[in-house]
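Numbering-wise (our numbering), the sequence shown opens with residue -8 and increments by one.
Cβ atoms here follow ideal geometry from the backbone N, Cα and C, with glycine treated the same way.
Model, not experiment: these values are computed from the prediction.
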Amino acid sequence: MSAGVGSFVDELARHHLDAAYNLGRWLLGNEQDAADAVHDAYLRAARSANTYAGGNARAWWLTIVRNCCFARLAARAKEQRNVSIDPTAESAQAWLPQTDANEAEDGIFAVQRRARLTRAMRELPPEFREVLILREIEELSYREIADVLQAPIGTVMSRLARGRAMLHKALSGNAQSTTRIEAMHGL
């Protein structure tokens, strides 16, 4: 790897590290897996930086992070099929992003709203959750999201609208009916 390629990847990763980590944390459900996925993505980006053909570098980087996250999810699913795990409240809690102890001063209601939003986001199918994360949290444009997902912009817009609707229903107290409808339609 030449010095120019290495510095390109270093600068790209440093500049968009928070976005990569946020995407990883939301897709994988915990901080350690997210950190590992971002590290894997950095290594992949460094190995393939010479093939970068230009364009939106942020979308290129987040695509690599996304692919590393989905590879980890696939490996996790394979492990779960091979090992019998008793689902408990503790294991369910591991999927929720951890809250910082300093947030307690924000008040109990703010913490409860955040936990409710986190649970609702976790319950969304991954294809809807990821577009919401990329648009609402990372503030990517529709074009950038389409580049990350390698999907048409219409698909991005559709998933975003459906994801917002599902999230709204879940937060407005219709979570049970939303889950039943999604199950009937295979979502």
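{"query": "Consult DSSP for Ala142 and reduce its assignment to one of helix, strand or coil.", "result": "coil"}
{"query": "Can you list, in chain order, the residues of its chain with a C-beta nearer than 6 Å to that of Arg5? Leave out the 5 residues immediately preceding and following it.", "result": "none"}
{"query": "Identify, in the order they occur along the chain, each residue of the same chain with its Cβ nearer than 8 Å to the Cβ of Val139, setting aside the five sequence neighbours on each side.", "result": "Ala50, Leu53, Thr54, Arg57, Leu125 and Leu131"}
{"query": "If you reduce the DSSP assignment to three classes, tell me which class Leu3 lands in.", "result": "helix"}
{"query": "Give me the residue from Val0, Pro117, Asp9 and Asp24 with the minimum Cα distance to Leu33.", "result": "The sequence shown places Tyr at residue 33, not Leu. The shortest Cα separation from Tyr33 among Val0, Pro117, Asp9 and Asp24 belongs to Val0."}
{"query": "Excluding the five sequence neighbours on either side, which residues of its own chain have a C-beta within less than 7 Å of the C-beta of Ala25, listed in chain order?", "result": "Tyr12, Gly15, Arg16 and Leu19"}
{"query": "Tell me the rounded alpha-carbon separation between Gly145 and Gly154.", "result": "14 Å"}
{"query": "Rounded to the nearest angstrom, how far is the Cβ of Met148 from that of Phe119, given a contact under 8 Å?", "result": "That pair is no contact at about 12 Å."}
{"query": "Using C-beta distances below 6 Å, list every residue in its chain close to Leu123, excluding the 5 sequence neighbours before and after it, in chain order.", "result": "Gly154"}
{"query": "For Ala44, which three-state DSSP category applies?", "result": "coil"}
{"query": "Which of helix, strand or coil does DSSP assign to Asn21?", "result": "coil"}
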